[in-house]
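In the numbering used here, the protein residues as written are 68 to 377.
The following block contains the structure:
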């Protein structure tokens, strides 16, 4: 026997508005967690460097102590304990003491673990990107309008622009995404809002100055535009080159390289500004694109030569 449920039980959701959080750190936390582009925090790069330098100095001093201890044992004719850890431990056990070298090595081990952990985390923090101008200005405007914290001293962290990082993934949100979102904000009519804002996003705040748009729907629009541009860059060059080949031969000799270079540059611009690829990916994509254009130029050239021979 099957069970049936009302559709409303499946589709209805509850969204807590920003205004329902009390003013202060609760509302600030709700705002910054409501959208990845609003998740801006300090990475304290100076303090990380300061702590790393302190640990580095401590480890360096311990390294010097260990070297001095090894050299002293060697000069005292105790080469055997330097050549075998087992002999070193056995001799220490016979003497009923714990070797200073063992204590020192254990101390160095603990310092190194702490140092390596902080060093790797600092490297990961440096990989985080700074917020875009648009995202940073949006958060600064919210601070200016809302005044969530009691004192300017506590709000001053957001003014440390060079030390602020964004938790938004840079490769997943390029400048072109920001351009599309800004264009949507400028249009800001009811059909646009219905397309790019879900019910949950509309219920997230009553503030008319805050706009939440569906990242998934914006990504779909960007993919459609990108696909159209890539198809155009693949279809237009053969068409233009073919029409050029049909024209005067003198004009064709000059215009074919110009067309080749022009479309390659357009392809590079699309790859960088819209897709946000890195240099290695850009070089690989341009090589493939140039190979496609060169293959078409070669095929049209050979076809024209065969036509002339006939």
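Backbone N, C-alpha and C define an ideal beta-carbon position, used for all residues, glycine too.
Backbone secondary structure at residue 218 - three-state DSSP: Residue numbering aside, residue 218 sits at position 151 when the chain shown is read from its first letter. In this structure, residue 218 counts as coil in the three-state DSSP scheme.
Identity of the residue in 79, 168, 133, 287 nearest residue 153 by Cα: Counting from one through the chain shown, the residue named residue 153 turns up at place 86. The shortest C-alpha separation from residue 153 is found at 168.
Cα-Cα separation between residue 164 and residue 173, rounded to whole angstroms: Taking the first residue of the chain shown as 1, we reach residue 164 at position 97. Taking the first residue of the chain shown as 1, we reach residue 173 at position 106. Confidence at residue 164 is low in this model, with a pLDDT of 49, below 50, so its placement is unreliable and no value can be given for it.
Top-ranked residue by Cα proximity to residue 289, from 303, 326, 246, 302: Along the chain shown, read from residue 1 onward, the residue named residue 289 stands at position 222. Nearest of 303, 326, 246, 302 to residue 289, Cα basis: 246.
Residue(s) in a DSSP beta bridge with residue 101: Counting from 1 along the chain shown, the entry for residue 101 is found at position 34. According to DSSP, which records beta bridges pairwise, residue 101 is partnered with nothing at all.
Expected contact under 8 angstroms - CB spacing of residue 308 and residue 323 to nearest Å: As a first step, residue 308 is located in the chain shown; it is residue number 241 there, counting from the start. As a first step, residue 323 is located in the chain shown; it is residue number 256 there, counting from the start. Between residue 323 and residue 308 the Cβ distance is about 6 angstroms, and since that is below 8 angstroms, they are a contact.
Residue 205 to residue 180 span [Cα, whole Å]: What you label residue 205 is simply residue 138 of the chain shown in a count that begins at 1. What you label residue 180 is simply residue 113 of the chain shown in a count that begins at 1. Answer to the nearest angstrom: the Cα atoms are 40 angstroms apart.
Which residues DSSP lists as bridging residue 108, in chain order: Translated into the one-based positions of the chain shown, residue 108 becomes position 41. 232, per the DSSP bridge assignment.
Inter-residue spacing [alpha-carbon to alpha-carbon] between residue 87 and residue 286: Locating residue 87 in the chain shown gives position 20, where the first residue counts as 1. Locating residue 286 in the chain shown gives position 219, where the first residue counts as 1. Each residue's alpha carbon lies about 30 angstroms from the other.
The segment 225 to 236 in contact with the segment 124 to 141 per 3-pair CB rule at 8 angstroms: no
Beta-carbon spacing of residue 241, residue 343 below 7 angstroms: Reading the chain shown from its first residue, position 174 is the one you call residue 241. Reading the chain shown from its first residue, position 276 is the one you call residue 343. Yes. Within cutoff.
CB of residue 248 within 7 angstroms of CB of residue 280, strictly: Translated into positions along the chain shown, residue 248 becomes position 181. Translated into positions along the chain shown, residue 280 becomes position 213. In contact: residue 248 and residue 280 (Cβ atoms closer than 7 angstroms).
Beta-carbon gap between residue 178 and residue 130 smaller than 7 angstroms: Residue mapping note: residue 178 aligns to position 111 of the chain shown, counting from 1. Residue mapping note: residue 130 aligns to position 63 of the chain shown, counting from 1. No. Outside cutoff.
Three-state class that DSSP yields for residue 132 in the structure shown: Stepping through the chain shown from its first residue, residue 132 is reached at position 65. Of the three classes helix, strand and coil, the one that applies to residue 132 here is helix, per DSSP.
Own chain partners of residue 189 with C-beta closer than 7 angstroms, once the 5 adjacent residues on each side are dropped: Numbered from its first residue, the chain shown carries residue 189 at position 122. Hits under 7 angstroms: 115, 119.
At least three beta-carbon pairs within less than 8 angstroms, the segment 288 to 302 to the segment 105 to 114: no
Backbone secondary structure at residue 192 - three-state DSSP: Here residue 192 refers to the residue found at position 125 when the chain shown is read from its first residue. Helix, per DSSP.
Short Cβ contact (7 angstroms threshold) for residue 182 with residue 122: As a first step, residue 182 must be located in the chain shown, where it is residue number 115. As a first step, residue 122 must be located in the chain shown, where it is residue number 55. Taking 7 angstroms as the Cβ cut-off, residue 182 and residue 122 qualify as a contacting pair.
Other residues of its chain near residue 357: CB distance less than 7 angstroms, five sequence neighbours each side excluded: Along the chain shown, one-based indexing puts residue 357 at 290. Closer than 7 angstroms at the Cβ level, and outside the excluded window around residue 357, lie 331.
Top-ranked residue by Cα proximity to residue 191, from 243, 251, 112: Here residue 191 refers to the residue found at position 124 when the chain shown is read from its first residue. Comparing Cα positions, the closest option is 112.
Environment of residue 102 [buried if 16+ CB atoms lie within 10 Å]: Along the chain shown, read from residue 1 onward, the residue named residue 102 stands at position 35. Flag for residue 102 reads buried.
Contact under 7 angstroms by Cβ, residue 349 with residue 304: Against the chain shown, residue 349 aligns to sequence position 282. Against the chain shown, residue 304 aligns to sequence position 237. No.
Helix, strand or coil at residue 163 according to DSSP, with G and I counted as helix: Position 96 of the chain shown, counting from 1, holds the residue named residue 163. Note that residue 163 scores a pLDDT of 48, beneath 50, so its modelled location is shaky; the value from the coordinates is reported in the next line. Residue 163 falls in the coil class under three-state DSSP.
Under 7 angstroms between C-beta atoms of residue 104 and residue 202: By 1-based counting over the chain shown, the position of residue 104 is 37. By 1-based counting over the chain shown, the position of residue 202 is 135. Yes; because the gap between Cβ atoms is below 7 angstroms, this pair is in contact.
CB contact flag (residue 338, residue 351, <7 angstroms): Translated into positions along the chain shown, residue 338 becomes position 271. Translated into positions along the chain shown, residue 351 becomes position 284. Result no, Cβ atoms of residue 338 and residue 351 do not sit closer than 7 angstroms.
Residue 281, DSSP secondary structure in three states: Against the chain shown, residue 281 aligns to sequence position 214. Three-state DSSP puts residue 281 in coil, outside helix and strand.
Residue 79 versus residue 267 - alpha carbon distance: In the chain shown, counting from the first residue as 1, residue 79 sits at position 12. In the chain shown, counting from the first residue as 1, residue 267 sits at position 200. When rounded, the distance between both Cα atoms is 10 angstroms.
Helix, strand or coil at residue 331 [DSSP, three-state]: As a first step, residue 331 is located in the chain shown; it is residue number 264 there, counting from the start. Reduced to three states, the DSSP call for residue 331 is helix.
Local Cβ density within 10 Å of residue 198, reported as buried at 16 or more and exposed below that: Against the chain shown, residue 198 aligns to sequence position 131. Buried.
For residue 208, the first and last residue of its enclosing alpha helix (DSSP H): Counted from its first residue, the chain shown places residue 208 at position 141. It spans 200 to 213 - the alpha helix (DSSP H) in which residue 208 sits, taken as one unbroken run.
Test item: CB-CB of residue 243 and residue 341 under 7 angstroms: Taking the first residue of the chain shown as 1, we reach residue 243 at position 176. Taking the first residue of the chain shown as 1, we reach residue 341 at position 274. Yes, they are a contact pair.
Straight-line Cα distance separating residue 276 from residue 223: For this step, residue 223 is matched to residue 156 along the chain shown. For this step, residue 276 is matched to residue 209 along the chain shown. So the alpha carbons of these two residues sit roughly 22 angstroms apart.
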